[in-house]
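Novice:
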Amino acid sequence: MLISRRHALTAAGLAAVAASLAACGSGSSGKTSDGKDVIHAMFVNSTSDVAVWEIIQDITKRFNESNTFNVEMQVEGYENEQYKTKLASLMASSSQPDVFFTWSSGYLKPFVEGGKIYEIGQLLDADEEWKARFNESVFGPVSFDDKIYAVPNGQVVAVMFYNTEIFDQVGVQVPTTYEEFVDVVTKIKAAGITPISAPVKDAWIAGQLLQQLANAHGGQELFDGTVDGSRKWNDEKYVQAGEKLKELVELGAFPDGYLGMTNDEGRNLFTAGECAMYYMGSWDTGVLSDESLAIAGKVSAFNIPAAKGLEENVAVGDIDLAYAVSSTSKHPEAAAEFIKMFSDPEVQAKLASGANYLPSTSVPLDESALSPLFVTVSGIQEELTATTPWFDRVFGAGEGVEFNNAAQAIIAGEDPQQHMDSLQSFAQSNAQR
């Protein structure tokens, strides 16, 4: 999901960002009054990630005070869709900032193939202590031809958040099979409560739900086969997943107006206690842990489980907070040093305790400093047998976006077979993906 971080700046951050907007976006450029070269960084910044933005500001301040490269870093942040538009424009003119946020896989690949990104792996290899901080395999989604092009500083997984009080009132338990999940939905609906908040105005939200239903019925093999081309988009398991999504619609699982509902509106329904469940990425863990909420202390999470007979525990998930260096940067070593600070143990701990991001490093965490919901989500991730990155990350703006659009149509009640056939036809006509 290219999607998920929808960002609004804090008041303090807005002033800092506004001051840098004119300068940023042209790589290394300009000098400060004391003769330092100005370099630039650009990030996604969202309402659910205020704590991340505060960490970025703190690291920028410390970097500017202590770096030995005679440079000053200036940063700016954009809301998700605005960010993608801005970065694409800068890339097209080879004026991208020195450091920038990137998603993995299919989003990153065209920039790598276009020569827009510095191979940061060579600096990681030269700094064994830095590279040794990271969990095994986190570099896979940002590597091409065995070369690393970005550094992931967090991980995310999509989970079903749920209201424990509603579950207790209705008398249902966390499901262990998909069939039990449908039974939970049915009983909650019968109790007069909306089962699942599904704000699918943005197609990626429908896409991640359909992808998880495909995980639940086709497992890791289905995902791997789709990526390597041995399984088709109109495979019976994708059609079955679409039928299961349509079944949820027919059961009345979603709230009135869900087709035109924004992510924020859907989250607000859940936090107001008006829906029993809310399927979203773990980046919302911090927002849902807010003690001022009406549902404070009543939120937990589970992974939508596999169907009977499929002994797997697969979830939609990926690396996150990945930062890359521009190939046009005049100061790649300084840019890499800035990125390295995000993997410092104290920063990784703060990303966990303050921003509720799953770490990408093996930093030990003090559980007493973590929210109970974070501990639950972290436990879910640890028990997974596999994760499947969002299709719009894997396939980018082609099949990935079209998968999301198909999911949005299916959750609107349209025919799964028809839309998966159309997606397969699209894939065949765009074979060079």
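Taken in order, the sequence shown gives residues -22 to -1, 1 to 411; the numbers are from mature numbering (1 follows the signal peptide of the UniProt record, and there is no 0).
Cβ coordinates follow ideal geometry from the N, Cα and C atoms, glycine included.
1) Considering only C-alpha positions, which residue in the set N241, E114 and T10 is nearest to I297?
2) Does E106 come out as helix, strand or coil in the three-state DSSP assignment?
3) In or out: C2 buried (at least 16 other Cβ within 10 Å) or exposed?
4) Terminal residues of the continuous alpha helix (DSSP H) containing G127?
5) Take E324 as the anchor and find which of R111, K14, K94 and Y56 has the nearest alpha-carbon.
6) Alpha helix (DSSP H) containing E54: first to last residue?
7) Ends of the alpha helix (DSSP H) at T38?
8) Can you give the beta carbon distance from A128 to Y301, rounded, assuming they're within the 8 Å contact cut?
9) Where does V335 sit, in a helix, a strand or coil, going by DSSP?
10) What's the gap between the Cα of D262 and the Cα of T354?
11) Going by other Cβ atoms of all chains shown within 10 Å of its Cβ, with 16 needed for buried, is N408 buried or exposed?
12) Under the rule that 16 or more other beta-carbon atoms within 10 Å means buried, what is Q100, buried or exposed?
13) Enumerated in chain order, which unbroken segments of the alpha helix (DSSP H) with a length of 4 residues or greater are wholly contained in the segment 293 to 330?
14) Checking the sheet assignment: what are the DSSP bridge partners for K9?
15) So who's on the other strand from M138, going by DSSP bridges?
16) Give the single residue among E269, K215 and G332 whose Cα lies nearest to the Cα of E32.
17) Since T142 and K286 should fall inside the 8 Å C-beta cutoff, what is the C-beta to C-beta distance between them, to a whole number of angstroms?
18) In the DSSP assignment, what are the bridge partners of V22?
19) Nearest chain B C-beta to A231 closer than 8 Å, yes or no?
20) Do three or more CB pairs link the segment 76 to 88 to the segment 11 to 24 at distances below 8 Å?
21) Hey, out of E57, R245, F280 and P283, whose CA is closest to D268's CA?
22) With burial defined as no fewer than 16 other Cβ atoms inside 10 Å of the residue's Cβ, what is the status of T46: buried or exposed?
23) Helix or strand or just coil, what does DSSP make of C2?
24) Going by beta-carbon coordinates alone, are A254 and I171 separated by less than 8 Å?
25) Are the CB atoms of V160 and I174 within a distance shorter than 8 Å?
26) With a threshold of 6 Å on Cβ separation, who are the neighbours of A384 within its own chain once the five nearest residues in sequence on each side are excluded?
27) Three-state secondary structure (DSSP) at P394?
28) Round the Cβ separation of K14 and V49 to the nearest angstrom and send it over; I've been treating them as touching at under 8 Å.
29) Could you tell me which of V277, S349 and Q326 sits nearest to T339, measuring between CA atoms?
30) Give a single yes or no on whether Y156 has its beta carbon closer than 7 Å to a heavy atom of the ligand HEM.
31) Hey, how far is the Cα of R371 from the Cα of I389?
32) Cβ atoms of V148 and K165: under 8 Å apart, would you say?
33) Per DSSP, what kind of secondary structure is G207 in: helix, strand or coil?
Specialist: Reading off the structure:
1) E114
2) It is helical.
3) Any reading at C2 is ruled out, since the residue's pLDDT is 47, under 50, leaving its predicted position unreliable.
4) One point to set straight first is that residue 127 is Tyr, not Gly, in the sequence displayed. Segment: none, Y127 is in no alpha helix (DSSP H) and carries neither H nor E.
5) R111
6) First-last for E54: V49 to Y56, but that is the beta strand (DSSP E), not the alpha helix (DSSP H).
7) Looking at the DSSP string, the run of the alpha helix (DSSP H) that includes T38 is V28 to S44.
8) 6 Å between Cβ atoms; contact.
9) Reading off the sequence shown, one finds Tyr at residue 335, where the question assumed Val. Of the three classes helix, strand and coil, the one that applies to Y335 here is coil, per DSSP.
10) 13 Å
11) Label assigned to N408: exposed.
12) exposed
13) 310 to 318
14) The partner list for K9 (beta bridge, DSSP) reads D15.
15) Y257 and F280
16) G332
17) Actually they do not touch by this definition, with Cβ atoms about 25 Å apart.
18) Y56
19) This model lacks chain B altogether; it includes just one protein chain.
20) yes
21) R245
22) exposed
23) Residue placement at C2 is poorly supported in this model, since its pLDDT is 47, which falls under 50; the coordinates are not used for a value here.
24) yes
25) no
26) H397 and L401
27) helix
28) 6 Å
29) Checked all of V277, S349 and Q326; the closest Cα to T339 is Q326.
30) The ligand HEM is absent from the structure shown, which contains no ligand whatsoever.
31) 21 Å
32) yes
33) coil
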